[in-house]
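Engineer:
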């Protein structure tokens, strides 16, 4: 199977969906040039400025346009250049996009997809390195997708664009240039279906986004130490494939959850609570969360690595977990 | 909404129960509180009450079947409700332990058994579930996690060890033919298990003495009439022993104690157990606070307990509250015997037959009613001299009852 980069996979998804459906259009800061992370590069050549266009720096307006356009029947796919800027559009996302279908009794729907990259790039500083997945999983009315591989990125984005609900499509900066197998033929990845990257009987590591590859690295190291780990990637946080997670816990009886966002009130807390509510009698040990420290992300590369989770920290946490 | 009926946990050592009798059938209406079925545990028979009113929708256990604590035995629901019995097919995997067992009232806890470190037993949820399903008492499992925490692997190890032990024991072979096979009852198995453990764990130290029962006999004869009219119960020599021992345990508290890991727990109450022989077993109900009761009260309690013991109508509390045991085989012409401690007690008194014997008093040979007593103590808690002093005080007290006042 051919291998293409995460960013390319996303670009293919956008192009294919724009060809398929005239109502789909892409816009945001620097999308015409495909600057920043290159995802939209070249799209304007095929689809023209009517469907691929730049905006000024105006995040709230960017999403506001999507709200209005989608209510009128279009299928907008705005890009917010850094997920750290999503707070600027929270009102449009949370109070309009997430709610107007409900509040109008279904008279309007808002089939929009807000794309935005999260996570570490490397010394981008506290305002450009955050992972804010948990902010959006907490808003009823939004779906949240967090692809970890090029395959999942393309398949999930196509599904997101075809979905009539508003979707937060949160990518990872450091994943853009990582290649992976992607079929030539068209395919979709459904929401609410987790992917198990690796099977192991001793524990389940639930990992999100860039932490999937960290978890896989950790799993290899742990195998040398005699611990077989399952690595489970939920792929979408809303809807969450609760069944897959609980079934895995029933098999392995131990869980660790890894995310790049800060630990407090993060995605791991929600998953841990679900596990404790539903299958506490299956647990052989407490649930462990591995996440970033509850602090702004430092600019200094040494401190940045100190704050963020990585494969080594996963290995240490799992060693401790296996001994309890 | 269907209600599940599970085997309740009736005691510290209970792990399974045998279904004795169903008082309701599928389709019968039932009120909350009505007895649904009778079960037999290692100690008592017990009637399980229905937790809800409605109709018996399903019966999940047959007479004679052994079900572990927490196991489901019946479903109660509305008459028109449909119950999917497939949910209950593989009971062992699907028993909702937490919910079902809670529905049955005071749940006595494998959780809060004290352990050497003075804290709770730490058990992982899945290990606890496994132990309940397999009928394992967690006090016998060693934990390999932090602070002695018991994990799944520890329970599995315990199970495998049990299997291996069984395999190694093996059926005896040889030239002997078996005339009859008697399957062990729940009680028999419990006795076997507990006394093996007691014999193995507690180093038994035996002390003996002879007691001249002249004064006791005189007391019994003189006071029998008076006591009788109050109690309507004839005073027996066992009542005297129970009272005498209870009074003396105040001065010898080590014999009214139990071992808990590193700690010797001196028990507050003095509840004297009396060993009662049953058809195929032995049960030891205890007279509560015997030191505080008048003799006729002890006699009345003793008579009631023995009667109910023989009818299988003792409550678990009446058996488990014992702090010291007294056993008398005199009626079988046994002159002298020793007993195995009734765990977790630290002392047991064995009373033989009182017989007229020639003894020497003031240089002359006289005939006196003599009884031989033996006292077994747990040498981890009670040393020879400690046990000896108690026995000596008992002998002196019985020979001169005024010393006991």
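Chains as they are written, first to last, in my numbering: chain A, 1 to 324; chain B, 325 to 729.
The beta-carbon is built from N, C-alpha and C at its ideal position, and this holds for glycine as well.
1) If we define contact as Cβ-Cβ less than 8 Å, is residue 330(B) a contact residue for chain A?
2) Based on Cα-Cα distance, which residue from 246(A), 166(A), 289(A) lies nearest to residue 111(A)?
3) Within the same chain, show all residues whose beta-carbon is closer than 7 Å to that of residue 179(A), passing over the 5 residues directly before and after it, in chain order.
4) For a cutoff of 8 Å on Cβ pairs, would you count residue 739(B) as touching chain A?
5) Please name the residues in the stretch 145-179 of chain A whose beta-carbon is closer than 7 Å to at least one beta-carbon of chain C, in chain order.
6) According to the neighbour-count rule (16 or more other Cβ atoms, all chains shown, within 10 Å of its Cβ), is residue 334(B) buried or exposed?
7) Just list the alpha helix (DSSP H) runs in the stretch 6-40 of chain A, keeping only unbroken ones of 4 residues or longer that don't cross its boundaries, in chain order.
8) Measure the beta-carbon distance from residue 347(B) to residue 364(B) and round it to whole angstroms, keeping in mind my assumption that it falls under 8 Å.
9) Starting from the beta carbon of residue 255(A), find every residue of chain B whose beta carbon is closer than 8 Å, and list them in chain order.
10) Could you check whether residue 136(A) and residue 168(A) sit closer than 8 Å to each other, using their CB atoms as the reference points?
11) Out of curiosity, what's the CA-to-CA distance linking residue 285(A) and residue 142(A)?
12) Going by other Cβ atoms of all chains shown within 10 Å of its Cβ, with 16 needed for buried, is residue 448(B) buried or exposed?
13) Any C-beta of chain A sitting closer than 8 Å to the C-beta of residue 719(B)?
14) Scan the stretch 253-281 of chain A for residues whose Cβ lies nearer than 8 Å to a Cβ of chain B and list them as they occur along the chain.
15) Hey, quick one: how far does the beta strand (DSSP E) through residue 116(A) stretch, first residue to last?
16) Ignore the nearest five residues each way along the sequence and tell me which others in residue 713(B)'s own chain have a CB closer than 6 Å to its CB.
17) Label residue 521(B) either buried or exposed according to how many other C-beta atoms from any shown protein chain fall within 10 Å of its C-beta, with 16 as the threshold for buried.
18) Against chain B, with Cβ distances strictly below 8 Å, would residue 247(A) count as a contact?
19) Which residue comes first and which comes last in the beta strand (DSSP E) that contains residue 534(B)?
20) Please name the residue in 594(B), 618(B), 463(B), 403(B) whose C-alpha comes closest to that of residue 377(B).
21) Any Cβ of chain A within less than 8 Å of the Cβ of residue 535(B)?
22) Given this structure, state the Cα-to-Cα distance separating residue 61(A) from residue 89(A), to the nearest angstrom.
23) With 16 other CB atoms within 10 Å as the buried threshold, where does residue 574(B) fall?
24) Going along the chain, which residues of the stretch 451-478 of chain B sit with their C-beta nearer than 7 Å to a C-beta in chain A?
25) What is the DSSP secondary structure of residue 121(A), counted as helix, strand or coil?
26) Are the CB atoms of residue 80(A) and residue 116(A) within a distance shorter than 8 Å?
27) Please confirm whether residue 9(A) has its beta-carbon closer than 8 Å to some beta-carbon of chain B.
28) Is residue 317(A) close to chain B, meaning its C-beta is less than 8 Å from at least one C-beta of that chain?
29) In whole angstroms, what is the alpha-carbon distance linking residue 667(B) and residue 328(B)?
30) In angstroms, rounded to a whole number, what distance separates the CA positions of residue 355(B) and residue 374(B)?
31) According to the neighbour-count rule (16 or more other Cβ atoms, all chains shown, within 10 Å of its Cβ), is residue 164(A) buried or exposed?
32) So the candidates are 663(B), 358(B), 350(B); which of them puts its Cα closest to the Cα of residue 381(B)?
33) For residue 473(B) and residue 479(B), what's the separation of their Cα atoms in angstroms?
34) For residue 241(A) and residue 638(B), what's the separation of their Cα atoms in angstroms?
35) For residue 659(B), I'd like the list of residues in its chain whose CB is within less than 8 Å of its CB, leaving aside the five on either flank, ordered along the chain.
36) Classify residue 735(B) as helix, strand or coil using the three-state DSSP reduction.
Structural biologist: Quick answer:
1) no
2) 166(A)
3) 3, 4, 5, 150
4) Only positions 325 to 729 of chain B appear in the structure, and residue 739(B) is not among them; the question remains open.
5) Although the question refers to chain C, the structure presented lacks it and instead comprises the protein chains A and B.
6) buried
7) As far as the stretch 6-40 of chain A is concerned, its whole alpha helix (DSSP H) runs of at least 4 residues are 6-20.
8) Contact between residue 347(B) and residue 364(B) is ruled out by a C-beta separation of about 14 Å, above the 8 Å threshold.
9) Near residue 255(A) there are no residues of chain B at all, since even the closest Cβ is about 12 Å away, more than 8 Å.
10) yes
11) If you take the alpha carbons of residue 285(A) and residue 142(A), they lie about 33 Å apart.
12) buried
13) no
14) 253, 280, 281
15) 113-118
16) none
17) exposed
18) no
19) From DSSP, the beta strand (DSSP E) with residue 534(B) extends over 528-536.
20) The shortest C-alpha separation from residue 377(B) is found at 403(B).
21) no
22) 8 Å
23) exposed
24) 451, 453, 469, 470, 473, 475, 476
25) coil
26) yes
27) no
28) Residue 317(A) does not count as touching chain B.
29) Cα to Cα, the separation comes out at about 34 Å.
30) 7 Å
31) exposed
32) Of the candidates 663(B), 358(B), 350(B), the one whose C-alpha sits nearest the C-alpha of residue 381(B) is 350(B).
33) 11 Å
34) 53 Å
35) 676, 677, 679, 696
36) No answer is possible for residue 735(B): it lies beyond the span of chain B, which begins at 325 and ends at 729.
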